[in-house]
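According to the UniProt record's numbering, the sequence shown holds residues 1 to 325 in order. Idealized CB from N, CA, C, for every residue including glycine.
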Amino acid sequence: MKAVLCKAFGPAESLVLEDVASPVVKKNEILLDVHAAGVNFPDTLIIEGKYQFKPPFPFSPGGEAAGVVTEVGEKVSHLKVGDRVMALTGWGSFAEQVAVPGYNVLPIPPSMDFNIAAAFSMTYGTSMHALKQRANLQPGETLLVLGASGGVGLAAVEIGKAMGARVIAAASSAEKLAVAKAAGADELINYSETSLKDEIKRLTDGQGADVIYDPVGGDLFDQAIRAIAWNGRLLVVGFASGRIPELPVNLALLKGAAVLGVFWGSFAQRQPQDNTANFQQLFAWFAEGKLKPLVSQVYPLSNAAQAINDLGQRKAVGKVVVQVR
């Protein structure tokens, strides 16, 4: 089979496409014929040795995939050969086949194609867990989404609206904000042209945002925490800006606020029943047309490095997908 390989930590340009042996399936795994793989921010980190996990060389990046089950380990009972599924792989999806533990695999709705399925699990799984289990977002609350045109940001906008929140989308350009508006955002903030903190306070009559969804970090975190509401919750999702911010804890004290970490991958493994319930709700919203994943760019497997670069340089809106078959 063909696979995109990382043989040493470095930039995306160092990745190579080679023929390798197909994976050997363990008892608790399935073998997936990959049709499409989602590209996510962790892919930009894992190839440079900057992610929490450092796979042994050589490895393929790609943390999520969609395709067809072609082999089932003897300890996997909820899947069968021929099932159309989405899978959380951690890495390995930029390849024609990948072996995946059965507990990380979910059947996909008949109406969902492989490109959409490959763009769905990590972004919507992360945002659903963040807003439901971590923030306990309530109808009528104000949700501020930073980086609102990216994969997890757009998912948070849509899920926030489905949960009954008033959603303020923040992004760095008018073009990106138009994407967030189309996804259902009620209010927009262009933080390249105005003060994020001041605009949050203006749009909330000085009260601040009840829930802040932050996949960006850096300076935006510094401003957002200063415009959080009483009993507000700030969700730490990621650091796309490149800087991990530090929190002056007196700000949390003064607002009775909580800063909550969001690590969906560990949640899915530690609380699989809750994760399954989340996806049942997500699939229901998808069927109702409340969730409309935006796949803005599709690359062939041979151009996977370019896909990672475009995402890492924040050129993409919505989700980027590598089409394998």
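Taking 8 Å as the threshold (C-beta atoms), are residue j and residue i in contact?
i    : j    : result
K319 : L301 : no
A304 : V322 : yes
A155 : S127 : yes
A262 : A240 : The residue asked about is misnamed: residue 262 is Val in this sequence, not Ala. Result no, Cβ atoms of V262 and A240 do not sit closer than 8 Å.
A180 : A118 : no
I244 : D43  : no
L138 : D33  : The question names Leu, yet the displayed sequence has Gln at residue 138. Not in contact: Q138 and D33 (Cβ atoms no closer than 8 Å).
A257 : I228 : yes
G90  : V69  : no
V152 : T123 : yes
V105 : L131 : no
G238 : G218 : no
L203 : N190 : no
R226 : H35  : no
L260 : L234 : yes
V85  : P61  : no
G38  : W264 : no
L196 : A224 : yes
K26  : G63  : no
E48  : G10  : yes
I30  : E71  : yes
Q52  : D274 : no
So, with DSSP's three-state summary, where would you put residue i?
i    : result
R166 : strand
P248 : coil
A291 : The displayed chain sequence assigns Leu, not Ala, to residue 291. It is coil, neither helix nor strand.
G312 : helix
K197 : helix
A95  : strand
D222 : helix
Y299 : strand
I108 : coil
D210 : strand
E13  : helix
F59  : strand
R325 : coil
D186 : coil
K255 : helix
P42  : helix
D19  : strand
G217 : coil
G318 : strand
In the DSSP assignment, the alpha helix (DSSP H) including residue i goes from what residue to what residue?
i    : result
E175 : A174 to A182
A117 : F114 to A118
G265 : W264 to R270
So is the beta-carbon of residue i under 7 Å away from any non-hydrogen atom of the ligand HEM?
i   : result
K80 : Among the components of this structure there are no ligands whatsoever, and the ligand HEM is therefore not found.
Can you have a look at residue i and say buried or exposed, based on whether 16 or more other CB atoms are within 10 angstroms of its CB?
i           : result
S93         : buried
V24         : exposed
A3          : buried
T194        : exposed
S77         : exposed
N231        : exposed
F279        : buried
R270        : exposed
S111        : exposed
residue 394 : Not covered by the structure: residue 394. The range shown for the chain is 1 to 325.
T276        : exposed
N250        : exposed
N115        : buried
Where do the ends of the beta strand (DSSP E) carrying residue i lie?
i    : result
I30  : E29 to V39
A65  : E64 to V72
G232 : I228 to V236
R243 : From DSSP, R243 is part of no beta strand (DSSP E); its letter is neither H nor E.
V85  : R84 to L88
E4   : Glu is not the amino acid found at residue 4; the sequence shown has Val there. Residues K2 to L5.
G261 : A258 to G261
Compare the C-beta of residue i with all C-beta atoms of chain D and state if any pair is closer than 8 Å.
i    : result
K161 : Although the question refers to chain D, the structure presented lacks it and comprises just one protein chain.
Ignoring anything shorter than 4 residues or poking outside the region 126-170, list the alpha helix (DSSP H) runs there in chain order.
-> Within the region 126-170, the alpha helix (DSSP H) runs of at least 4 residues that lie entirely inside it are, in chain order, 151-162.
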